[in-house]
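Colleague:
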Amino acid sequence: MSQYKDFNFNTSDSPQSHQYLGQGLLRLLDPQKNKCILDIGCGNGALTHFLIRQGLDCYGVDASVTGITYASKDYPERFAIMDVSSQQLPDKLSHLAFDTIISTEVIEHLYDPRGFVKLCKSLLPQQGGQLILSTPYHGYLKNLLVGVSGSWDRHMDPLFDGGHIKMWSRATLSRLLEEQGFKVTDFIGCGRLPYLWKSMLIRGVLS
Numbered sequence: 362m363s364q365y366k367d368f369n370f371n372t373s374d375s376p377q378s379h380q381y382l383g384q385g386l387l388r389l390l391d392p393q394k395n396k397c398i399l400d401i402g403c404g405n406g407a408l409t410h411f412l413i414r415q416g417l418d419c420y421g422v423d424a425s426v427t428g429i430t431y432a433s434k435d436y437p438e439r440f441a442i443m444d445v446s447s448q449q450l451p452d453k454l455s456h457l458a459f460d461t462i463i464s465t466e467v468i469e470h471l472y473d474p475r476g477f478v479k480l481c482k483s484l485l486p487q488q489g490g491q492l493i494l495s496t497p498y499h500g501y502l503k504n505l506l507v508g509v510s511g512s513w514d515r516h517m518d519p520l521f522d523g524g525h526i527k528m529w530s531r532a533t534l535s536r537l538l539e540e541q542g543f544k545v546t547d548f549i550g551c552g553r554l555p556y557l558w559k560s561m562l563i564r565g566v567l568s
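My numbering puts the sequence shown at residues 362 to 568.
1) Quick test of your reading: L567 and F543, contact by CB under 8 Å. State the CB separation rounded to the nearest angstrom.
2) Less than 8 Å between the beta carbons of G416 and A432, yes or no?
3) According to DSSP, is F543 part of a helix, a strand, or is it coil?
4) Note down the Cα distance separating P555 from F548, rounded to an integer number of angstroms.
5) Provide the residue span of the alpha helix (DSSP H) that contains D514, from first to last.
6) How far does the beta strand (DSSP E) with F440 in it extend, from its first residue to its last?
7) Can you look up M362 in the DSSP assignment and give me helix, strand or coil?
8) Please give the ranges of any beta strand (DSSP E) in the region 366-432, keeping only runs that are unbroken, at least 3 residues long and fully inside the region.
9) Apart from the five residues on each side of it in sequence, which residues of its chain come closer than 6 Å, Cβ to Cβ, to M443?
10) Count the other CB atoms within 10 Å of the CB of I526; is the residue buried (16 or more) or exposed (fewer)?
11) Straight-line CA distance for T546 to R564?
12) Among N405, H470, T461 and W558, which residue has its Cα nearest to the Cα of Q614?
13) Between L505, S495 and S378, which has its C-alpha nearest S535's C-alpha?
14) Let me know if Y472 comes out buried or exposed under the rule of 16 or more other beta-carbons within 10 Å of its beta-carbon.
15) Going by other Cβ atoms of all chains shown within 10 Å of its Cβ, with 16 needed for buried, is R388 buried or exposed?
16) Can you say whether D402 is buried or exposed, counting buried as having 16 or more other CB atoms within 10 angstroms of its CB?
17) Suppose you measure from the CA of Q364 to the CA of E469; what does that come to, to the nearest Å?
18) Roughly how many whole angstroms lie between the Cα atoms of D391 and G511?
19) Considering Cα atoms alone, identify which of G476, L557 and P519 is closest to E540.
20) Rounded to whole angstroms, how far is the Cβ of L408 from the Cβ of D400, which I believe are closer than 8 Å?
21) Pick helix, strand or coil for F548, following the three-state DSSP scheme.
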């Protein structure tokens with residue numbers, strides 16, 4: 362577990378997924394409404410940097426020391442190390458009032474996704490706080506095509522160290538948010554053709 366938490370990033374470059382996730386996030390985020398954003402699981406900060414350059418007031422946390430080292434090079438005041446099991450913000454960011462939390466391609470790696478969403482809820486205003494999650498998309502048609510093409514072992518290879526341990530559909534991720542008091546307001550499929558999407562973005566709002 363510690364090996365995964367301390368993942369050693371060796372570049373500050375954006376992964377391919379940021380090309381479609383970044384554009385999807387811009388459809389959901391408005392600097393006038395999303396005034397203070399926390400990116401939990403920001404990795405090397407590439408996506409957070411992209412959002413900052415688009416005029417959004419964004420900060421990032423991650424458990425990876427090397428990731429935060431890369432992230433902090435251009436914006437040292439905006440990034441901090443945080444293990445979500447601590448259940449609290451690092452002192453460096455504790456004075457900020459976040460109205461929005463984003464977490465991209467993280468929840469599929471977590472043993473306790475309910476605990477993670479509860480933590481996010483505790484860091485947000487209970488009226489109007491927004492949580493935006495992305496995760497690889499799994500739906501009936503995509504799952505069927507993966508199965509009939511004989512690609513399931515490669516798609517969900519249990520021998521890939523540090524891989525995904527949860528597969529989410531639109532329905533199951535929505536249910537997770539709704540269990541914790543979020544109203545799901547938006548869904549965006551990202552990458553590839555409709556219903557064969559690589560990932561999905563879902564927004565929940567507290568009310």
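The C-beta atom is built at its ideal place from N, Cα and C for all residues, glycine as well. Computed from a predicted model, the values in this text were never measured in an experiment.
Modeller: Looking at the atomic coordinates:
1) Contact check for L567 and F543: beta-carbon distance about 6 Å, within the 8 Å limit, so the pair qualifies.
2) Inclusion of G416 and A432 in the CB contact set at 8 Å is not warranted, their separation being larger than that value.
3) In the structure shown, F543 sits in a strand (DSSP, three-state: E or B).
4) As the crow flies, the alpha-carbon of P555 is around 12 Å from that of F548.
5) Per DSSP, D514 belongs to the alpha helix (DSSP H) from W513 to H516.
6) F440 -> beta strand (DSSP E) spans F440 to I442.
7) With a pLDDT of only 36 at M362, under the threshold of 50, the placement of this residue in the model should not be trusted, and no figure is reported.
8) Segments of the beta strand (DSSP E) lying fully in the region 366-432: 398-401 and 419-423.
9) Hits under 6 Å: V422 and P451.
10) It is exposed - the Cβ of I526 has fewer than 16 other Cβ atoms within 10 Å.
11) In a straight line, the C-alpha of T546 is about 6 Å away from that of R564.
12) For the chain, the structure presents residues 362 to 568; residue 614 sits outside this window and is missing.
13) It is S495.
14) Classification for Y472: exposed.
15) Exposed.
16) It should be pointed out that residue 402 corresponds to Gly in this sequence rather than to Asp. It is buried - the Cβ of G402 has at least 16 other Cβ atoms within 10 Å.
17) With a pLDDT of only 49 at Q364, under 50, the local geometry of the prediction cannot be trusted, and the value read off the model is given with reservation. Between Q364 and E469, the C-alpha separation is close to 17 Å.
18) For D391 and G511, the distance between alpha carbons rounds to 42 Å.
19) Checking every option, the nearest Cα to that of E540 belongs to G476.
20) Contact between L408 and D400 holds: their C-beta atoms lie close to 7 Å from each other, under 8 Å.
21) Here F548 sits in strand by DSSP.
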